[in-house]
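Engineer: I have a structure I would like to understand better, so I am pasting it below and will then ask my questions one at a time.
Number of protein chains: 2
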Amino acid sequence: MAPVDHYLAIDIGGTKLAAAIVTGDGQVIHHREVPTPTATQEQAHLVTGALTELAADVAGELPLAGVGIASAGPIDTARGTISPVNIPAWRDFDIVDAVSDAVGGPDPVLIHDSTAAALGEHWLGAGRGSNALLGIVVSTGIGGGLVLDGRPLSGSAGNAGFIGHLTADPAGERCACGRTGCVETGASGPAMVRWAHANGWTGHSTPELAEAAAAGDRIPVAAFRRGTDHLATGIITATILLDLDLVVIAGGVSAAGEVLLTPLREAVSRDSTPALRKLRIRRATLGRHSGLIGAARHAQGH
Amino acid sequence: MAPVDHYLAIDIGGTKLAAAIVTGDGQVIHHREVPTPTATQEQAHLVTGALTELAADVAGELPLAGVGIASAGPIDTARGTISPVNIPAWRDFDIVDAVSDAVGGPDPVLIHDSTAAALGEHWLGAGRGSNALLGIVVSTGIGGGLVLDGRPLSGSAGNAGFIGHLTADPAGERCACGRTGCVETGASGPAMVRWAHANGWTGHSTPELAEAAAAGDRIPVAAFRRGTDHLATGIITATILLDLDLVVIAGGVSAAGEVLLTPLREAVSRDSTPALRKLRIRRATLGRHSGLIGAARHAQGH
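Protein chains in written order, with numbering that gives the first Met the number 0: chain L, 0 to 301; chain G, 0 to 301.
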């Protein structure tokens, strides 16, 4: 029997730092996470310390076949640095060297967390068999990653797939990014809740909004319809440009299931472009480990 | 001295069919083209005959290292078939088998003509060194091709890069494709001339419009500004989604030079997305052989 390869996978986000050992066939056999320390740029060592301690602890003395780092963006794969919007402590932070120093072993590879999630789903989840996959994470923001011709698409610096900031409605709301009418201004969980509040709904959270929409409440249903219209515009744009065959939806809001998927499929099918004919839209299946699994896959050379 | 490799390259368009021998280092050493026969689907043999005669003539008795076919879309790379919009005689036409039967040699590879043009520019033209290139052909229509991480991007069936039919203006003109406000409705040569006519300009052709715009005539200048605004919207969308570092503009309208490029760069720079900071926009340098050169490059395994 061939020995089992072990990969160290790291997933860096604004809320938590996660690390795991992932086997060559994608089993997550050791997983640990810690909250991302809140810190200024002057206190960067607090975040760096938490991450390197976590990585070293998970790696232990295990011989590693590879090390994959998934990170919130923006990232720079050529330089091996990250500047995650929600981790202000790190700006142009040299994550590849930091992890390499902490755990030794093979040189770490760096991938955007949204791209890693898409790659994970392509390898072992709902994206299997796709030749042109867009993975979308619908959560407090909207991220996206591309796996084209079987390979994760990096773009010039690793930030390709940024579907949350495609324009969905040029006459729409101002986005936190400074532009107007981004997909995210309609389709993120907070955006749907905000719109529902402005129209008289008195509930509190995205899960509550999804539950109310499932029960047929008018305003929540309309909030999901507006959100999925925004998301559909981004999906249509990406499909025309990239000849996609599959979209996989992950993230907290995807827990809404058909409340999200049914109006999304309807909105996409209203567009007449032939490129959409073969497009399927599915819910992700790997759950919260998709980024770690994708990071490990990337470390295998994919 | 190593022997010179010879590739047969074919470029299929609605106006002309072209074939050439391209050497391993990209020299076009034998080139011939014929007008594309006008024919119905029942007369498909007229087009097929013209193409296979041309291919066999150019190939001659030369031992071929590879055969690359660039074609107007839509194409289906998995099935080796093409259905070019402007060649109604061919629908799901098995071009790969037809060329293979005509010239023998290695199995032909199929690539979209816009992708081939981008790949050619990436290899030997204005796209050299780019990690994430969009090539745009601005002509009677608007085509596009992508070369990402050094590889031509196919998408699920070969039609990725379709930038002419991204939405530039949701409240805009109806497009021939059936959708509304496509980039092509503002930025193609005929679209700019049509808009100028509607606003009182009395000239005739795109080159004439470009000349008048270069001389500062108000309506022609405004027609180019409207066209480049449409094109900029497509470029911005593609850059956000794909983390592009370079756009190369080819096609008949690119002969307008700075009349096109200056307002295009201005329109792109009005957008605030950080993804645009490193984007450069250049004019193509390979001229009308870019598709043949790209097809030969694709036959080399790129």
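Even for Gly, the Cβ is constructed at its ideal location relative to N, Cα and C. None of these values were measured; they are calculated from a predicted model.
1) Would you mind giving the Cβ-Cβ distance between L/V239 and G/F161, rounded to the nearest angstrom? I have them listed as a contact below 8 Å.
2) Between G/T14, G/I9, G/V21, G/G12, which lies nearest to G/V3 when the distance is taken from Cα to Cα?
3) Does the distance from the CB of L/P34 to the CB of L/L63 come in under 8 Å?
4) Where G/I218 and G/E257 are concerned, what is the direct C-alpha to C-alpha distance, given to the nearest angstrom?
5) If you measure from the beta carbon of L/G154 to each beta carbon in chain G, is any gap under 8 Å?
6) DSSP three-state label for L/S70, please.
7) Checking 8 Å against the spacing of the C-beta atoms, do L/R90 and L/S99 come in under that value?
8) What are the uninterrupted segments assigned as beta strand (DSSP E) that are 3 or more residues long and contained completely in the stretch 114-182 of chain G, given in chain order?
9) Spell out whether any CB of chain G is found under 8 Å from the CB atom of L/G171.
10) Considering Cα atoms alone, identify which of L/G185, L/A186, L/G171 is closest to L/T179.
11) So that I know if they touch, is there some Cβ in chain G lying closer than 8 Å to that of L/S138?
12) From L/S253 to L/T205, what distance separates their C-alpha atoms?
13) Does the beta carbon of G/N130 come closer than 8 Å to any beta carbon on chain L?
14) Pick helix, strand or coil for G/A19, following the three-state DSSP scheme.
15) Touching or not, the stretch 115-124 of chain L and the stretch 282-295 of chain L, by the rule of three or more beta carbon pairs under 8 Å?
16) Just to confirm, is the Cβ distance from G/I248 to G/A283 under 8 Å?
17) Taking all protein chains shown into account, decide if L/H288 is buried (16 or more other Cβ within 10 angstroms of its Cβ) or exposed.
18) In the DSSP assignment, what are the bridge partners of L/A8?
19) Can you give me the start and stop residues for the alpha helix (DSSP H) that G/P189 sits inside?
20) If you count every other CB in all the chains shown that lies within 10 Å of the CB of L/V182, and 16 or more means buried, which is it?
21) Would the stretch 54-69 of chain L and the stretch 14-32 of chain L be scored as touching if the rule is three or more Cβ pairs under 8 Å?
22) Classify L/R78 as helix, strand or coil using the three-state DSSP reduction.
23) Could you round the C-beta distance between L/V102 and L/V66 to whole angstroms and report it? I think they count as a contact, below 8 Å.
24) Should G/R90 be flagged as near chain L, meaning a C-beta pair shorter than 8 Å?
25) In the structure shown, what three-state DSSP assignment does L/E32 receive?
26) Interface residues of chain G around L/L291 at Cβ under 9 Å?
27) Looking at the C-beta of L/A294, does it have a partner C-beta in chain G at a distance below 8 Å?
28) Could you give the C-beta distance for L/L147 and L/A167, rounded to a whole number, given that I count them as a contact under 8 Å?
29) Assign L/E120 to buried or exposed, taking buried as 16 or more other Cβ atoms, counted over all protein chains shown, within 10 Å of its Cβ.
30) L/R178 CB to nearest chain B CB: under 8 Å?
31) Hey, could you find the ends of the beta strand (DSSP E) L/L109 is sitting in?
32) Decide if L/R276 is buried, meaning its Cβ has at least 16 other Cβ atoms within 10 Å, or exposed.
33) List, in order along the chain, the chain L residues whose C-beta lies closer than 9 Å to that of G/G160?
34) In chain L, what lies closer than 7 Å to G/L165 by C-beta?
35) Can you list, in chain order, the residues of its chain whose CB lies under 7 Å from that of G/Q42, leaving out five sequence neighbours each side?
36) Compare the C-alpha of L/P36 against each of L/S129, L/E52, L/G79 and name the closest.
Structural biologist: Looking at the coordinates:
1) With the sequence shown as reference, residue 239 of chain L is identified as Ile, and Val is not the correct amino acid for it. That belief holds up - the Cβ atoms of L/I239 and G/F161 are roughly 5 Å apart, short of 8 Å.
2) G/V21
3) no
4) 17 Å
5) yes
6) strand
7) no
8) 131-137, 141-147
9) no
10) L/G171
11) no
12) 10 Å
13) yes
14) strand
15) yes
16) yes
17) buried
18) L/A19, L/G67
19) 188-197
20) buried
21) yes
22) coil
23) 7 Å
24) no
25) strand
26) By Cβ distance, chain G contributes nothing, its closest Cβ being about 23 Å from L/L291, past 9 Å.
27) no
28) Actually they do not touch by this definition, with Cβ atoms about 23 Å apart.
29) buried
30) Given the protein chain composition of this structure (L and G), no chain B is represented.
31) 108-111
32) exposed
33) L240, L241, D242
34) T236, I239, L240
35) A88
36) L/E52
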